[in-house]
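A quick write-up on the structure given underneath.
Numbering (my numbering), first residue to last: 2 to 596.
Below, the structure is given as C-alpha cells:
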C-alpha cells in the first residue's frame with residue numbers, strides 16, 4: 002500500500018470551554034454535535050431549566066454571534082482555537098423579572114450579568130441608583146449587616162460602583178463605603194435570592210436595560226442611527242443618545258420583519274403606515290438583528306399566552322421551593338435568634354462568672370491586705386509607743402537645753418551689758434585722754450612760745466649789755482681818774498674769764514634745748530598713746546558687733562534645734578561657750594583701765 006494513498010485520520014471530538022458569569026467549564030464534544038447538543042449539555046451542567054433566555058455567544062472578527070442550535074458546531078463560524086471558547090449569557094431579557102424568572106439559578110445568572118453590564122457602563126445608571134444597587138449586591142454577598150463583623154474597609158476589595166460615578170464626585174473610597182453601608186444596614190433579614198431579585202427589579206427600570214444596540218443608517222447616504230432591540234420591540238436612537246429613542250416599533254404593531262442583504266425592512270401591522278427601512282454595514286449584523294427580533298417576538302407572544310405545562314410545573318415547584326425556603330429561613334431565623342439568645346445568656350453567665358471570680362479574687366486580696374495592714378498597724382503602734390517614749394525623753398532633754406539656753410542667754414545679756422558699760426567707760430577715758438593730749442599739746446606750744454620769747458629776750462639783753470659796755474667804758478676813762486690799773490691779768494686768766502662767760506651762756510642754751518626736746522617727746526608719746534587707744538576702741542566695737550550677731554545666730558540655731566528635737570528626734574545642738582573670747586575682752590578692758 003502506498004503511503005501517499007493513506008488519508009489523514011480525522012479526530013472524533015473537539016475541546017470546548019464555556020464561560021458563565023461565575024464559572025468556567027470545559028467539555029469534550031463530538032464532531033457531529035449540533036449547537037443544541039452543546040447548549041443542552043451546558044444547561045444540564047448548570048442546572049438550568051429556563052433555557053429560552055440564554056445562548057452561547059462567540060466572537061467573530063469585530064462583532065459577535067450566537068451559536069445556532071440547528072447547525073453543527075464546527076460548521077458555523079466559530080473560532081478555530083482549541084479549545085473553542087463560548088460565553089454562556091442571557092440572550093433575551095424578560096419584561097418583568099419577578100413574574101418570568103422562576104428558577105433561582107436563572108435569577109442569579111441574570112443578576113450577575115446585569116451587575117457586570119452596569120459596572121462596565123453598558124447600562125447607564127444614576128449615582129443614587131448605583132449606591133442602592135450596590136447595597137443589594139452587598140446584602141446578596143455578605144448577608145445581614147453585623148457591625149461587629151463588618152468593620153470599616155470590608156468593601157475595599159469589591160467593585161460595586163461604575164467608574165463614571167466614582168469620577169463624578171470628589172469622594173474617597175471610605176465615603177462611598179459609608180453611603181453603601183448605610184443602605185446595606187437597612188436590608189437586614191433579606192435572603193440572597195430576594196436581594197438579587199430586588200436588584201433586578203430596580204435594574205429593569207433603567208433605560209438601557211436588556212437592549213442590544215446596532216449601528217444602522219436609514220438610507221445609504223443618511224446620517225448614522227442606532228437600532229435597539231429588546232423585549233418590548235424595536236427602537237431608533239440618535240448616535241449620541243441611547244436613553245430616549247426617536248421612534249419605537251412595539252412588537253404588537255409589527256406585522257413582518259425581513260432583510261435582503263444589507264437592507265432591513267419593518268412592516269407595521271397598520272397598512273396605512275409607511276414601511277420603515279434601514280441599512281447595516283454587514284450581512285452578518287442583519288442576520289443577528291433578525292435572530293434577536295425573532296427570539297424577542299416569540300417570547301413576547303409567549304408571555305401573552307397560557308403557560309405551558311412545563312412552565313406551570315416549574316412555577317409550582319419554584320413556589321413550593323420558595324415556600325419551603327421561607328419556612329426554612331423562618332426556622333433558621335428562630336434557631337439563629339435562639340442561638341443568639343443562648344450565646345448572649347452564655348456570655349452573660351460567663352461575664353457574671355468572671356465578675357464573681359474577680360470579686361472573690363479582690364476579696365481575697367483585700368483580706369490579705371487587711372491582715373498585712375493589721376500587722377503593719379501593730380508594728381506601727383509599737384514603733385509609735387517607742388517613739389513616744391523617745392519623744393518624751395527628747396522633750397525633757399529639750400526642756401533642759403531650753404533652760405540652759407535661757408541661763409546662757411541671761412549670762413550673755415549680762416556680759417554684753419558689762420561690756421557695753423566698759424566700752425562706754427573706755428570711750429569716756431579715750432575722750433579724756435584725747436582732751437588731755439590736746440591740752441598737753443597746747444601747753445607744749447605755750448612753753449615753746451615762752452621759750453622762744455625767753456631766748457629772744459636773752460638775746461636782746463646780751464646785745465644791750467654789750468652796747469652799754471661799749472659806750473660806758475670810754476666815758477669812765479675820760480671823766481674820771483681811774484685808779485691805777487691793776488696789773489693785767491695774765492693771758493690764761495683772761496681766757497678763763499671769757500670761757501666762764503661763754504659757759505654760762507652755753508649752759509642756758511643747753512637747758513632750753515633739753516626742755517624743748519622733753520616737751521616734744523612727751524607730746525609725741527601722748528599722740529601715739531591716743532592713736533593706739535583709738536585703734537583699740539575700734540577693734541573693741543567691731544568685736545562687740547560680731548559678738549551680738551553670733552549671739553543672735555546662736556539663739557536662732559538653738560530654737561531651730563529645739564524644734565527639730567521635738568519633731569525629728571534629732572540630737573540637740575549645744576551652743577559653744579564664749580569664755581575664751583570674753584576673757585580676751587576682759588583682758589583688753591583691764592588694759593584700758595590701767596591706761
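Ideal Cβ positions, reconstructed from N, Cα and C, are used throughout, including at glycine.
All values reported here derive from a predicted model rather than from experimental measurement.
Margin query: Using only the alpha-carbon positions, how far apart do residue 434 and residue 392 sit?
Written below: Within the chain shown, residue 434 is the residue found at index 433, counting from 1. Within the chain shown, residue 392 is the residue found at index 391, counting from 1. Using only the alpha carbons, I get a separation of about 60 Å.
Next item on the list: Hey, could you find the ends of the beta strand (DSSP E) residue 61 is sitting in?
Entry: Taking the chain shown and counting its residues from 1, the one referred to as residue 61 is at position 60. Note, residue 61: beta strand (DSSP E), 55-61.
Notebook entry, point to check: If residue 289 sits next to residue 24, beta carbons under 8 Å apart, how far is it from one beta carbon to the other, in whole angstroms?
Noted result: Position 288 of the chain shown, counting from 1, holds the residue named residue 289. Position 23 of the chain shown, counting from 1, holds the residue named residue 24. With 8 Å as the limit, residue 289 and residue 24 do not qualify as a contact, their Cβ atoms being about 26 Å apart.
Next item on the list: Hey, could you find the ends of the beta strand (DSSP E) residue 236 is sitting in?
Entry: As a first step, residue 236 is located in the chain shown; it is residue number 235 there, counting from the start. Residue 236: member of the beta strand (DSSP E) spanning 234-238, first to last residue.
Next item on the list: Within its chain, find whatever has a CB closer than 7 Å to the CB of residue 598; leave out the 5 residues flanking it on each side and keep chain order.
Entry: There is simply no residue 598 to check, as the chain begins at 2 and stops at 596 in what is shown.
Check: Would you call residue 156 buried or exposed, if buried means 16 or more other Cβ atoms sit within 10 Å of its Cβ?
Finding: Here residue 156 refers to the residue found at position 155 of the chain shown. Residue 156 comes out buried.
Notebook entry, point to check: Can you tell which of 534, 186, 68 has its C-alpha closest to the C-alpha of residue 429?
Noted result: In the chain shown, counting from the first residue as 1, residue 429 sits at position 428. Among 534, 186, 68, the Cα nearest to that of residue 429 is on 534.
Checklist line | Span of the alpha helix (DSSP H), counted from its first residue to its last, around residue 307 | finding: As a position in the chain shown, residue 307 is number 306, starting the count at 1. Here residue 307 belongs to no alpha helix (DSSP H), and DSSP marks it neither H nor E.
Item checked: residue 229, DSSP secondary structure in three states -> Numbered from its first residue, the chain shown carries residue 229 at position 228. Taken through DSSP and simplified to helix, strand or coil, residue 229 comes out as strand.
Checklist line | Contacting residues, own chain, Cβ-Cβ under 7 Å from residue 47 (five flanking each side not counted) | finding: Residue numbering aside, residue 47 sits at position 46 when the chain shown is read from its first letter. Cβ within range, chain order: 21, 106.
Check: Distance, Cα to Cα, residue 235 vs residue 52?
Finding: Here residue 235 corresponds to residue number 234 of the chain shown, with the count starting at 1. Here residue 52 corresponds to residue number 51 of the chain shown, with the count starting at 1. When rounded, the distance between both Cα atoms is 23 Å.
Notebook entry, point to check: Residues bridged to residue 274 by DSSP?
Noted result: Within the chain shown, the letter at position 273 stands for residue 274. Listed as beta-bridge partners of residue 274 by DSSP are no residues whatsoever.
Next item on the list: Name the two residues that bound the continuous alpha helix (DSSP H) containing residue 120.
Entry: Mapped onto the chain shown, residue 120 falls at position 119. 105-120 is the span of the alpha helix (DSSP H), which, as asked, contains residue 120.
Notebook entry, point to check: The alpha helix (DSSP H) spanning residue 125 covers which residue range?
Noted result: Residue mapping note: residue 125 aligns to position 124 of the chain shown, counting from 1. No alpha helix (DSSP H) contains residue 125, which DSSP labels as neither H nor E.
Margin query: For a quick check, are the C-beta atoms of residue 15 and residue 83 less than 8 Å apart?
Written below: Locating residue 15 in the chain shown gives position 14, where the first residue counts as 1. Locating residue 83 in the chain shown gives position 82, where the first residue counts as 1. Here residue 15 is near residue 83, since their CB atoms are less than 8 Å apart.
Check: Who are residue 67's beta bridge partners in DSSP?
Finding: By 1-based counting over the chain shown, the position of residue 67 is 66. Residue 67 is bridged to 58.
Next item on the list: Buried or exposed for residue 154, please, with buried defined as at least 16 other CB atoms from any protein chain shown within 10 angstroms of its CB.
Entry: Walking along the chain shown from the start, residue 154 turns up at place 153. For residue 154, the number of other beta carbons within 10 angstroms of its own is below 16, and it is reported as exposed.
Note to self: Pairs of beta-carbons, one from the region 315-329 and one from the region 272-289, closer than 8 Å: are there three or more?
What the structure shows: By the Cβ criterion, the region 315-329 is not in contact with the region 272-289, since fewer than three pairs of Cβ atoms, one from each stretch, lie closer than 8 Å.
Notebook entry, point to check: In chain order, which continuous runs of the beta strand (DSSP E) of length 3 or greater are located wholly inside the region 348-377?
Noted result: Correct list: empty.
Check: How would you call residue 190, buried or exposed, if buried means at least 16 neighbouring beta carbons within 10 angstroms?
Finding: As a first step, residue 190 must be located in the chain shown, where it is residue number 189. So residue 190 counts as exposed.
Check: Which residues bound the alpha helix (DSSP H) around residue 185?
Finding: By 1-based counting over the chain shown, the position of residue 185 is 184. From DSSP, the alpha helix (DSSP H) with residue 185 extends over 174-185.
Checklist line | Burial state of residue 451, where buried means 16 or more other Cβ atoms lie within 10 Å | finding: Taking the chain shown and counting its residues from 1, the one referred to as residue 451 is at position 450. Exposed is the call here.
Item checked: When 265, 205, 138 are compared against residue 102, the one with the closest alpha-carbon -> Residue mapping note: residue 102 aligns to position 101 of the chain shown, counting from 1. Closest by alpha carbon: 205.
Check: If we count Cβ pairs, one from each stretch, closer than 8 Å, do we get three or more for the region 521-541 versus the region 366-376?
Finding: No, because fewer than three Cβ pairs between the region 521-541 and the region 366-376 fall closer than 8 Å, the two stretches do not touch.
Next item on the list: Ignore the nearest five residues each way along the sequence and tell me which others in residue 301's own chain have a CB closer than 6 Å to its CB.
Entry: Taking the first residue of the chain shown as position 1, residue 301 is located at position 300. Excluding its 5 nearest sequence neighbours in each direction, residue 301 has C-beta neighbours in its own chain below 6 Å: 252, listed in chain order.
Check: Using the C-alpha atoms, what's the distance from residue 356 back to residue 127?
Finding: Your numbering for residue 127 matches position 126 in the chain shown. Your numbering for residue 356 matches position 355 in the chain shown. Between the alpha carbons of residue 127 and residue 356 lies a gap of roughly 54 Å.
Next item on the list: Can you tell me which of the three DSSP states residue 268 falls into?
Entry: Start at 1 with the first residue of the chain shown, and residue 268 comes out as number 267. Look at residue 268 here: in three-state DSSP terms it is strand.
Note to self: Assuming contact is defined by CB atoms lying nearer than 8 Å, are residue 18 and residue 86 in contact in what I supplied?
What the structure shows: Here residue 18 refers to the residue found at position 17 of the chain shown. Here residue 86 refers to the residue found at position 85 of the chain shown. Yes, the pair counts as a contact, with Cβ atoms nearer than the cut-off.
Margin query: Buried or exposed, going by whether 16 or more other CB atoms sit within 10 Å of the CB of residue 297?
Written below: Residue mapping note: residue 297 aligns to position 296 of the chain shown, counting from 1. Buried is the call here.
Item checked: Helix, strand or coil at residue 191 according to DSSP, with G and I counted as helix -> Within the chain shown, numbered from 1, the residue matching residue 191 stands at position 190. Here residue 191 sits in coil by DSSP.
Notebook entry, point to check: Which first and last residues belong to the alpha helix (DSSP H) in which residue 17 is found?
Noted result: Taking the first residue of the chain shown as position 1, residue 17 is located at position 16. Run containing residue 17: none in the alpha helix (DSSP H); it sits in the beta strand (DSSP E), 14-20.
Check: What does residue 251 pair with, by DSSP beta-bridge criteria?
Finding: The sequence position of residue 251 within the chain shown is 250, counting from 1. DSSP lists 234 as partners of residue 251.
Margin query: Closer than 8 Å is the cut-off here; do at least three beta carbon pairs connect the region 410-429 with the region 536-548?
Written below: Between the region 410-429 and the region 536-548 there are three or more inter-stretch CB-CB distances shorter than 8 Å, so the stretches are counted as touching.
Notebook entry, point to check: If residue 32 and residue 75 are in contact, beta carbons under 8 Å, what's the gap, nearest whole angstrom?
Noted result: Translated into positions along the chain shown, residue 32 becomes position 31. Translated into positions along the chain shown, residue 75 becomes position 74. 6 Å between Cβ atoms; contact.
Next item on the list: Tell me residue 31's beta-bridge partners as DSSP assigns them.
Entry: Translated into the one-based positions of the chain shown, residue 31 becomes position 30. 14.
Check: If you draw a straight line from the C-alpha of residue 385 to the C-alpha of residue 396, how long is it?
Finding: Sequence index remark: in the chain shown, residue 385 carries index 384 (1-based). Sequence index remark: in the chain shown, residue 396 carries index 395 (1-based). Residue 385 and residue 396: Cα-Cα distance of roughly 15 Å.
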